[in-house]
Amino acid sequence: MFTTEKLGPHQYVVSCSCGRSWTGHTRGKTKAKAAAHALGLNRALCPHPEKKAYPTRQAVLKGKARTWKISPGGGSPAREVYRCRCLSWHLTTKSRQGRL
Ligand SMILES: [Zn+2]
Ligand SMILES: [Zn+2]
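Next comes the structure, spelled out in structure tokens:
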């Protein structure tokens, strides 16, 4: 996936296995650029690109709590959270398990 190299005291380079690389002043910021790129790639794998993608379980649970309070457009609030093949988390109104 990613390799991180330290080029100097304030210079890092993160390279992806696809050949792209990013430079930055801190390890964290440089890695974040690479992570955003990975998320973009994974997004292409998503069977439900119209759904909001949450990066972590914590984030999706927060989003879920919000939909219970406001039901947008009068639709049914989301009931379940699941990890998608795009490696993000989604909300679904279906309570069925296993099928993504
Ligand atoms: Zn890549
Ligand atoms: Zn997805």
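Residue numbering for the sequence shown follows the working numbering, starting at 577 and increasing by one per position. The beta-carbon is built from N, C-alpha and C at its ideal position, and this holds for glycine as well.
| Check | Outcome |
| --- | --- |
| Does the beta carbon of C662 fall short of 7 Å from some heavy atom of ligand 1? | no |
| Thinking just about the alpha-carbon of each residue, which of G584, G616, T669 and R619 is nearest to the one in T602? | G584 |
| Regarding S593 and ligand 1, is the C-beta to nearest heavy atom distance less than 7 Å? | yes |
| According to the Cβ coordinates, are Y588 and T580 closer than 8 Å? | yes |
| Can you check whether the CB of K670 is closer than 8 Å to the CB of E656? | yes |
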